[in-house]
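2 protein chains.
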Amino acid sequence: MRVSLKDVAERAGVSIKTVSNVVNNYQHVTPGMRARVQAAIDELGYRPNMTARHLRKGRTGILALAVPELGNPYFAELAGAVIDVAAEHDLTVLLDHTGGEREREVLVSQGFRAGVIDGLILSPLELEVEDLRGREDDVPLVLLGEREYDLPYDHIAIDNVAAARTAVRHLLGRGRTHIAYLGARTDSANRPAHLRLAGWRAELTEAGVPAPDSLIGPTGGWDRGDGAEAMARMLDAGVRPDAVFAYNDLVAIGAMRVLHERGLRVPWDVAVVGFDDIAEGRFGAVSLTTVSPDKRSIARLAVESLLRTLENRAEEPEGRELVAEFRLVERESTLGRR
Amino acid sequence: MRVSLKDVAERAGVSIKTVSNVVNNYQHVTPGMRARVQAAIDELGYRPNMTARHLRKGRTGILALAVPELGNPYFAELAGAVIDVAAEHDLTVLLDHTGGEREREVLVSQGFRAGVIDGLILSPLELEVEDLRGREDDVPLVLLGEREYDLPYDHIAIDNVAAARTAVRHLLGRGRTHIAYLGARTDSANRPAHLRLAGWRAELTEAGVPAPDSLIGPTGGWDRGDGAEAMARMLDAGVRPDAVFAYNDLVAIGAMRVLHERGLRVPWDVAVVGFDDIAEGRFGAVSLTTVSPDKRSIARLAVESLLRTLENRAEEPEGRELVAEFRLVERESTLGRR
DNA sequence: GCCGCTCCTTCCAACGTTGTACAGACTGAT
DNA sequence: ATCAGTCTGTACAACGTTGGAAGGAGCGGC
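Here the protein sequences come in this chain order: R and B. Heads up: the first sequence begins at 1 in UniProt numbering, then just goes up one per residue. Heads up: the second sequence begins at 1 in UniProt numbering, then just goes up one per residue.
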């Protein structure tokens, strides 16, 4: 059986509360008493029962993070950052993945492990606004992604349109004029996908470069295989872009693989820009130029937003938009033409 | 304030316990009573307080998984599998990463979030046997990695020596005779690294092929950069292997990157085999042949081992070795010479 | 030597839940 | 009509902890 305060109290010949006071560094405890109790604690190997403490205090020190897919390195790296930041605040992280399915996202948002977690960081893919409207759960929530409508939840995001425009501008600056966008999917609610497409279109339009639908490559998902498929389909249709801007690094990597198979050289024949800056992009045969969101800062903003909400439980959450930085990392996949 | 059983009981005009019975689907409740209570539950939006339930039951339904690094896709993919398997058993997963530092591994093994977790799955890198000897914590523990000595904890692993031999045999079968091993590190306790090296040596020796130290490439860690560095160092030393067996896929990918830079073609000039079968290996310019441990089954064995320990709390844990399967996945990096 | 003050320790209750024991009501058989 | 037996719902205690209030010991001053 586990050692409890009661056992320590008996051993030290004091009351339970006194032991509790020692454990919690309560100030009015004489040094002698403290030493005696501490000795008993050490002898018995007492460790506080967190569950009981949680029940009493109403806080558990556990945050939940729900991402679409841990197999996606972007989310794995982000999860790592969240865990680190949480640890700085003496919090631990419960992890779940939703597979990017709307149903599971709703489930998670409605009360994942209710009563166990102090707050939830949700990275939605297919979640719709109305799914959150009637949210009953009183667990503080922050969303990763750009703010929509008037939901009273903080959102953490980078400026996707600006980031996409930066990427496309970089390609234009390299003299590319047939710039494809890979990763569109009309039947998905995925906001970033839409925003990045919008950025692609805006930048091209502003530069007076045509942005025909033939240069938009729809994908079924956003993994390597989806990128490969989309790239192949586009080439098979006779479209020959001289640059590709992909929804994310995985799609870009899939596309590069197909370009390689078809004998098109990156960057000479086709330049490629990805999005996310996953470690994988740095070590391919051709390293990948990419938009690098500041993951560390996203993690920090998310955790600290939750912490703030927890402090001011009284006032309504305000639904701020917290913006993280991004930068373009130039690598081999967009080197100048030879 | 949160709705509790008491509130529901008052609303429905029954006792707290009756509400509890309804919530827990206790059988002796009349349909009428059940409906009445359920109505009150719905009206008030009651949701059980897990913390209190945990305190009462002594179980939390939370497992902890501690891996060296979530940024390593192998561990991210494994974590995903553990989460899925845990979910099948109505368990959730608390995740931590240790950075592969011995100190943090010890800390985690000694009592990570004591009282909150029902069990711990630890994937150690540098942990030494003696670190676990005097373990006081009563949280059930399983270790990922091959069994050492007489520790009373279940171990989950694949047969690393056999797996390494399979990889090397594959290369020998392709006519390679200068097979390097990348990922040795003498100052580390990392067991798999030693076992894979042993397998490499054993297979070569048995085949009557020399296994000189010059073909052993030490690394500082086991990431892509470490593989690149080790490969470069070996080539700079004038050693020209015709095949490389790497500690893991990341090291292999780093090595391939350097081979590519040096104009050595994979697989024509140098064949490469990795270890882990991470998704990344399937989509490089040259897809990677690799030893594929059955991650799903590792996750299942680990979770179910903990569950079993939890059931038979009475009897001592037995310290079994649970072996998962592996298979060699052949891809482009070891195609026959042209 | 007594009073009052301060400082430390103890007692009690509560967090929300569930297991055990029990009380009451109803059923059917005698 | 009574009794045993079954079925339903209730009361109480306990899980391990902490906050608040009350109790007690020690000390100095008169």
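For each residue, glycine too, the CB sits at the ideal point set by N, CA and C.
Here residue 134 (chain B) is exposed, its C-beta having fewer than 16 other C-beta atoms within 10 Å.
In this chain, the alpha helix (DSSP H) harbouring residue 75 (chain B) covers 73-88. With its beta carbon less than 9 Å from one in chain R, residue 50 (chain B) belongs to the interface. In summary, residue 109 (chain B) is buried, with 16 or more beta-carbon neighbours lying within 10 Å of its beta-carbon over all protein chains present.
Across the set R:40, R:26, R:111, the C-alpha of R:111 shows the shortest separation from the C-alpha of residue 138 (chain R).
Put simply, the CB of residue 152 (chain R) is far from chain B, with every gap to its CB atoms at 9 Å or more. In this structure residue 26 (chain R) is exposed. Its beta-carbon is surrounded by fewer than 16 other beta-carbon atoms within 10 angstroms.
Residue 254 (chain B) has a beta carbon lying within less than 9 Å of a beta carbon in chain R. What residue 73 (chain R) touches in chain B, judged by beta-carbon distance under 8 Å, is 71, 73, 76, 280, going in chain order.
With its beta carbon less than 9 Å from one in chain R, residue 55 (chain B) belongs to the interface. Under the Cβ criterion of 9 Å, residue 9 (chain R) is not counted among the residues facing chain B.
In the structure shown, residue 293 (chain B) adopts extended strand secondary structure according to DSSP, grouped into three states. For residue 39 (chain B), no CB of chain R lies under 9 Å from its own CB, so it is not counted at the interface with that chain. Under the DSSP assignment, residue 321 (chain R) falls outside any alpha helix (DSSP H), being part of the beta strand (DSSP E) whose first and last residues are 321-323.
For residue 249 (chain R), the number of other beta carbons within 10 angstroms of its own is at least 16, and it is reported as buried. For residue 98 (chain B), there is no enclosing beta strand (DSSP E), as DSSP marks it with neither H nor E. The three-state reading of DSSP puts residue 243 (chain R) in strand, counting E and B together.
Taking 9 Å as the upper bound on Cβ-Cβ separation, chain R lies near residues 136 of the stretch 118-136 of chain B. Within chain B, the C-beta atoms nearer than 8 Å to that of residue 95 (chain R) come from 79, 83, 93, 94, 95, in chain order.
Think of a sphere of 8 Å around the beta carbon of residue 45 (chain B): the chain R residues whose beta carbon falls inside it are 136, in chain order. Going by DSSP, residue 41 (chain R) is part of the alpha helix (DSSP H) stretching over 31-44. Of all C-beta pairs linking the stretch 320-334 of chain B to the stretch 284-301 of chain B, three or more are shorter than 8 Å, placing the two stretches in contact. Approximately 6 Å separates the beta-carbon atoms of residue 244 (chain R) and residue 182 (chain R); this is inside 8 Å, confirming the contact. With a threshold of 16 other beta carbon atoms within 10 Å, residue 22 (chain B) meets it and is buried. Note on the stretch 148-201 of chain B: whole alpha helix (DSSP H) runs with a minimum of 4 residues are 160-173, in chain order. Rounded to whole angstroms, the gap between the alpha carbons of residue 122 (chain B) and residue 81 (chain R) is 20 Å.
Proximity of residue 260 (chain R) to chain B, defined by a Cβ-Cβ separation below 9 Å, is satisfied. DSSP links residue 92 (chain R) through a beta bridge to R:62. One finds 138 in chain B with Cβ atoms closer than 7 Å to the Cβ of residue 2 (chain R), taken in chain order.
For residue 183 (chain B), none of the residues of chain R pass the 7 Å Cβ criterion, the least Cβ distance being about 15 Å. A distance below 9 Å separates the beta carbons of residue 44 (chain R) and residue 3 (chain R). One finds nothing in chain B with a Cβ atom closer than 8 Å to the Cβ of residue 32 (chain R); even the nearest lies about 27 Å away. When DSSP states are grouped into helix, strand and coil, residue 336 (chain B) belongs to the coil group.
Between the stretch 196-210 of chain R and the stretch 151-164 of chain R, the count of C-beta pairs closer than 8 Å reaches three or more; the two stretches touch. When the beta-carbon positions are compared, residue 300 (chain B) and residue 85 (chain B) come within less than 9 Å of each other. Looking at the backbone, the Cα of residue 259 (chain R) and that of residue 92 (chain B) are separated by about 41 Å.
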